[in-house]
Amino acid sequence: MSPLVHILVLNWNAYSYTIECVHSLRRLKYANYRIVLIDNGSTDNSEQILHRELPDLPLLQTGANLGYAGGNNCGINYALEHGADYIWILNNDTRVDSNSLTALVDALERNPDAALAGSKIFYMDRSEHLAYAGADIDYLRGKLCHRGVNEIDNGQYDKLEAVDFVTGCSLLVRASLIEKVGLMSEDFFLYCEDVEWNLRFQKAGFICLYVPSSRIWHKESGSAGGPENPNVVYYGARNRLYLFERHFPLLSRTTATVRYSLWHIKYLVTVYLQERKRFGEVFSAVSQGYRDYVARVVGCRPQRNSR
5 MSPLVHILVL
15 NWNAYSYTIE
25 CVHSLRRLKY
35 ANYRIVLIDN
45 GSTDNSEQIL
55 HRELPDLPLL
65 QTGANLGYAG
75 GNNCGINYAL
85 EHGADYIWIL
95 NNDTRVDSNS
105 LTALVDALER
115 NPDAALAGSK
125 IFYMDRSEHL
135 AYAGADIDYL
145 RGKLCHRGVN
155 EIDNGQYDKL
165 EAVDFVTGCS
175 LLVRASLIEK
185 VGLMSEDFFL
195 YCEDVEWNLR
205 FQKAGFICLY
215 VPSSRIWHKE
225 SGSAGGPENP
235 NVVYYGARNR
245 LYLFERHFPL
255 LSRTTATVRY
265 SLWHIKYLVT
275 VYLQERKRFG
285 EVFSAVSQGY
295 RDYVARVVGC
305 RPQRNSR
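The number in my numbering is simply the position in the sequence shown, starting from 1, with 4 added.
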């Protein structure tokens, strides 16, 4: 029998995305899988609607918004308790190719030194344009670089290979290694938690694989509210600094922090010149991210200052 895969689909106030994603998953050609839904404390009646529309699937309720890491950790624990060999963490704003899971499992089965495997990802609204085709970390500049972004797929990224990180949008993990490395860090709440997890697996001696024959389409921050959402800006600023601190060598940690700070200054100037109405909330999000990093604030963004 094929290895048992638990597919985790995390929902937060976006039940329509989740239902569409599940309909896509039901067309998978891989035989031995279980879909597990996790509702992350939604306030839009998601739990009731998902129970009604997808009554055959287990639905875990976190009781509060635990963030991407906390919500998925709930599902990971469930999968481990129910005998999963592999766990596929998949964003709910995605559509999958019918062979996508087969390709991921095959890659890990053939490469015992690999802990994680990730898909080739396309934009949902521009189905031939790439959003992720492997990734590199520029340790001196502090950049997390997705290969192929906005390029038309002409087979230029069709090599299965080890990469610096696999994005959490579509990530298959070998369940037996989680006890050794641990769950996702809930300190990050949202953004960079997937990269940090990748780096922990690599420090434990394993590689992360980009699998181009596994293809999915992604709405890009559909649930999170888009890249310009103030909370997204906040977590992006704060969590990148924690990532530098925890996983970058001392010299590159310093240069990366300086360069990242300079990038944020340039970003704020651009917002001020081009979108002045948004400047206040963007400046607040960025500055709070840096302040909270210095103050060692982790987890959810403190509500006293969020908008």
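From the three backbone atoms N, C-alpha and C, an ideal C-beta is built for every residue, glycine too.
- Taken in chain order, the whole alpha helix (DSSP H) runs of length 4 or more contained in the stretch 66–116 are 71–85, 104–114.
- The straight-line gap separating the alpha-carbon atoms of residue 260 and residue 249 is approximately 10 Å.
- Counting the other CB atoms within 10 Å of its CB gives residue 269 a total below 16, which places it among the exposed residues.
- Secondary structure note for residue 214: its beta strand (DSSP E) is the uninterrupted segment 211–222.
- Shortest Cα-Cα distance from residue 258 to any of 293, 219, 285, 144 involves 144.
- Contact fails between the stretch 176–187 and the stretch 287–302, because fewer than three Cβ pairs, one in each stretch, are under 8 Å apart.
- The residues 204, 205, 208, in chain order, have a CB closer than 7 Å to that of residue 185 in the same chain once the five nearest residues on each side in sequence are set aside.
- For residue 73, the CB contacts under 7 Å within the same chain, skipping 5 residues up- and downstream, are 188, 189, 190, 192, 193, 197 in chain order.
- Secondary structure note for residue 33: it is in no beta strand (DSSP E), with a DSSP letter that is neither H nor E.
- With contact defined as three or more Cβ pairs closer than 8 Å, the stretch 79–88 and the stretch 153–165 are not in contact.
- DSSP places residue 131 in the coil class of the three-state scheme, outside both helix and strand.
- The C-alpha of residue 266 lies about 21 Å from the C-alpha of residue 140.
- Membership of residue 270 in the alpha helix (DSSP H) is indicated by the continuous run 254–278.
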